[in-house]
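So the sequences go chain by chain: B and F.
Here our numbering is used: the first residue of the first sequence is 69, the next is one more, and so on.
Here our numbering is used: the first residue of the second sequence is 5, the next is one more, and so on.
Using N, Cα and C, we set each Cβ at its ideal position, and we do this for glycine too.
Quick notes on the structure that follows.
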Amino acid sequence: MSTVMTAPPRAADKKPPFVLRGVMQAPVTPLNDDFSVDYDRFAKMVDFHVRNGAPAIAWPHHKAESPNLTMEERKLGAEVMVKTVARRVPVSVFVGSLSEEDSLDLARHAQKIGADMILTISPYCRRPTQEEIFRSITRIGSHTDLPVLTYNSPWRNGEGVEFTSTLVQRLIERLPNYTGMKDASFHSEKFMEISRVALNMRPGFSIVMGLEHLLASYPLGACGSFSSCGAIAPNLCNRFFAALVANDWETARTCQYKITKLYRLFKDQYPSSLKGAMISMGRDAGPIRSPLPTASKERVDFLCQQLEELGVMDTEPHGW
Amino acid sequence: MKKFNPGFVHTPVTPFKADQSIDFDTYSRVLDFHINNGADALALPMPQGEDISMTEVEQRKLLDFAMKQVKGRLPVIAHIGDPGTDIAVARARYAESLGAAAIAAHPPYFWHPKPSMVAEHLIRVGGATGLPLYICTPVVEDAGTHLTAEIVLDVLKRLDNVAGLVDSSMRFVFMVEVLSLGREIKPGFQLLSGTDYMVSNGVVGGNGVFSPLASVAPKLARQLYELCAKQQFTQARKLQEQMALLHHTLKTAGYAGLKGALRLMGRECGEPRLPRSSLGAAETARLAEQIAAMPFLQGEPRGW
Numbered sequence: 069m070s071t072v073m074t075a076p077p078r079a080a081d082k083k084p085p086f087v088l089r090g091v092m093q094a095p096v097t098p099l100n101d102d103f104s105v106d107y108d109r110f111a112k113m114v115d116f117h118v119r120n121g122a123p124a125i126a127w128p129h130h131k132a133e134s135p136n137l138t139m140e141e142r143k144l145g146a147e148v149m150v151k152t153v154a155r156r157v158p159v160s161v162f163v164g165s166l167s168e169e170d171s172l173d174l175a176r177h178a179q180k181i182g183a184d185m186i187l188t189i190s191p192y193c194r195r196p197t198q199e200e201i202f203r204s205i206t207r208i209g210s211h212t213d214l215p216v217l218t219y220n221s222p223w224r225n226g227e228g229v230e231f232t233s234t235l236v237q238r239l240i241e242r243l244p245n246y247t248g249m250k251d252a253s254f255h256s257e258k259f260m261e262i263s264r265v266a267l268n269m270r271p272g273f274s275i276v277m278g279l280e281h282l283l284a285s286y287p288l289g290a291c292g293s294f295s296s297c298g299a300i301a302p303n304l305c306n307r308f309f310a311a312l313v314a315n316d317w318e319t320a321r322t323c324q325y326k327i328t329k330l331y332r333l334f335k336d337q338y339p340s341s342l343k344g345a346m347i348s349m350g351r352d353a354g355p356i357r358s359p360l361p362t363a364s365k366e367r368v369d370f371l372c373q374q375l376e377e378l379g380v381m382d383t384e385p386h387g388w
Numbered sequence: 005m006k007k008f009n010p011g012f013v014h015t016p017v018t019p020f021k022a023d024q025s026i027d028f029d030t031y032s033r034v035l036d037f038h039i040n041n042g043a044d045a046l047a048l049p050m051p052q053g054e055d056i057s058m059t060e061v062e063q064r065k066l067l068d069f070a071m072k073q074v075k076g077r078l079p080v081i082a083h084i085g086d087p088g089t090d091i092a093v094a095r096a097r098y099a100e101s102l103g104a105a106a107i108a109a110h111p112p113y114f115w116h117p118k119p120s121m122v123a124e125h126l127i128r129v130g131g132a133t134g135l136p137l138y139i140c141t142p143v144v145e146d147a148g149t150h151l152t153a154e155i156v157l158d159v160l161k162r163l164d165n166v167a168g169l170v171d172s173s174m175r176f177v178f179m180v181e182v183l184s185l186g187r188e189i190k191p192g193f194q195l196l197s198g199t200d201y202m203v204s205n206g207v208v209g210g211n212g213v214f215s216p217l218a219s220v221a222p223k224l225a226r227q228l229y230e231l232c233a234k235q236q237f238t239q240a241r242k243l244q245e246q247m248a249l250l251h252h253t254l255k256t257a258g259y260a261g262l263k264g265a266l267r268l269m270g271r272e273c274g275e276p277r278l279p280r281s282s283l284g285a286a287e288t289a290r291l292a293e294q295i296a297a298m299p300f301l302q303g304e305p306r307g308w
């Protein structure tokens, strides 16, 4: 029989000076033709999102090819993001990496440059135990004064890095600056357990869904999502969240169904097709670093046709 | 195909005697309890009725008995879980001959067929009768072949009498993909929850539930269902949390936990059939403590 949790005493809450709410944007990383990072276009990308209603900016998620960026590139990109956003909305730096030492370094850097929070995960690809994840997050979270969000990424085969409700409870008890989670479980039971435990222990704990799979979790306590298709359809993202807030479920369903169709287009070799589709919207973010493939001309044409069929071309902004 | 909306479906347990035989006397009380406590329809035997622990002959007898006991008071959905296609087809036809309202079937577990063969199995079972077919996600997702949205959509295109999908996967993306793309193929296509996590299912567009925990807490389950049916998903959160706590409490012990909870509610249904083990004394005492600590169960019916 599993342990059933109530709300035990915990470390004093350290509330962040902002509220995470809405479809938040996680920009792609624009690259030059020689595959170097194009920081000027990255600044344009960040600014585009802020001007188009993003309630927060988060970088570099996997969509931004973070495992393909060097530490130096990640630090410089984070600086460009913070400078470009210029306090208009909160900024999150993803510090997850294969090496815990790199994560600590990135967390220190994020605080130094004035980011508002960090998102982290214990080093992946090692089938970590719950105890190993606890120790890793505790180490990273104790290393910064910034609010810390963790990235819950359980995989179907039992690998991945999973934050169970028991682990979330322990981390809330241990870390006063543990204020939220990016949830990629996309699973009713897993989500409900985290929500039931975390929101009772730490009201205001922010559960942010990955990839706009938000409709199923919003009534149960999700506060928003990190967007997959905001680089294509920011108006759709904003309309979706407004419908959720208004409990206009019919409109929210229409938006979620369309977003799901968009993600079905992008999920193959993500974010290759996403970058390919951005070309049709007048926002060319360049190629993808190996081993992922850059979208071919045929793929770009196909994506353009699909965006037209979905009505995206007429309702969403073109250019930067 | 006649339109059928099952609504709030209860999935009764199967009581067993100490000698492991089906306790039909108690089963009649179980069925009456569900009929008298808010069910719109019954689905059996389902995993809660320990379907795979019964022989094929027993499953036929169980359905035969249930149809006579229910006497048309509610629709009965016959669950056909056999992993052999021909056996499943024969039992689906038998269910139709007894007057079942619909068939619920899932991919054949144990085997690892290719997706096209999973579709073929479902099409043959569903096509064996003129009844509405509800495709159920597998109980154990990682055994056998995974049921993808593409398989469901393929079956939907090729078989006229598919009425809907009963989802126990609880996966947001699967639910949204199946429902949104399924309704483009067949506008009346239904999504029902196969668990008591009804809010997520309902808010993405689902419209019914096969409720495993209605046998323990029929009032709570019904209230949750009705809030979802009225599209009051935000208001349903508190009840969903309560249901999640009950689910979480019973989950690890499985059928033993479910039957242990029924005993605590005054509805003795025996122990799970072997090879499933029963609760030990310490586990039983702990479960009693946990159930007693759930004030929301105080309003639930005790006894039959």
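*Does any residue of chain B bring its CB to less than 8 Å from the CB of Gly192 of chain F?*
no
*DSSP beta-bridge partners for Asn220 of chain B?*
B:Asp251
*Within the stretch 106-153 of chain B, note down every full beta strand (DSSP E) run reaching 3 residues or more, in order along the chain.*
125-127
_Neighbour flag for Glu376 of chain B against chain F, beta carbons, 8 Å_ = no
*Length of the line joining the Cα atoms of Leu151 of chain F and Ser197 of chain F*: 15 Å
*Go ahead and pull the three-state DSSP assignment for His125 of chain F.*
helix
*Do you know whose CA, among B:Val159, B:Ile208, B:Leu283, B:Arg307, lies nearest Phe176 of chain F's CA?*
B:Leu283
*Measure from the C-beta of Pro305 of chain F to each C-beta in chain B and report whether the shortest distance is under 8 Å.*
no
_Within-8 Å CB hit, His281 of chain B to chain F_ = yes
*asked:* Which same chain residues end up closer than 8 Å to Arg207 of chain B when comparing Cβ atoms and leaving out the 5 residues on each side of it in sequence?
replied: Glu168, Leu172
*Nearest to Leu268 of chain F by CA position, among F:Thr288, F:His252, F:Arg277, is which residue?*
F:Thr288
*Whose C-beta lies closer than 7 Å to the C-beta of Gly270 of chain F among residues of the same chain, with five residues either side of it excluded?*
Arg306, Gly307
*asked:* Since Tyr229 of chain F and Phe12 of chain F should fall inside the 8 Å C-beta cutoff, what is the C-beta to C-beta distance between them, to a whole number of angstroms?
replied: 5 Å
*Taking only runs of the alpha helix (DSSP H) that begin and end inside the stretch 151-189 of chain B, which ones reach a length of at least 4 residues, in chain order?*
168-181
*Can you give the Cα-Cα distance for Tyr57 of chain B and Val180 of chain F, rounded to whole angstroms?*
Here chain B has residues from 69 to 388 only, and residue 57 of chain B is not among them.
_chain B contact for Phe176 of chain F (CB, 8 Å cutoff)_ = yes
_Any chain D beta carbon closer than 8 Å to Met269 of chain F_ = Protein chains B and F are contained in the structure displayed, whereas chain D is not.
*For the alpha helix (DSSP H) that contains Gly258 of chain F, what are its first and last residues?*
258-268
*Using the C-alpha atoms, what's the distance from Glu257 of chain B back to Leu291 of chain F?*
20 Å
_Is there a C-beta anywhere in chain F that falls below 8 Å from the one on Pro271 of chain B?_
no
*Determine, using beta-carbon pairs with one atom in the stretch 335-342 of chain B and one in the stretch 303-316 of chain B, whether at least three such pairs fall under 8 Å.*
no
*Span of the beta strand (DSSP E) around Cys140 of chain F*: 137-140
*Within the 8 Å Cβ cut-off, does Glu245 of chain F reach chain B?*
yes
_Quick check on DSSP: helix, strand or coil for Leu284 of chain F?_
According to the sequence as given, residue 284 of chain F is Gly; it is not Leu. Looking at Gly284 of chain F - three-state DSSP - the assignment turns out to be coil, as it is neither helix nor strand.
*asked:* Using C-beta distances below 6 Å, list every residue in its chain close to Val163 of chain B, excluding the 5 sequence neighbours before and after it, in chain order.
replied: Ser171, Leu174, Ala175, Ile186, Thr188
*Out of B:Gly292, B:Ser190, B:Ala111, which has the shortest C-alpha to C-alpha gap to Arg203 of chain B?*
B:Ser190
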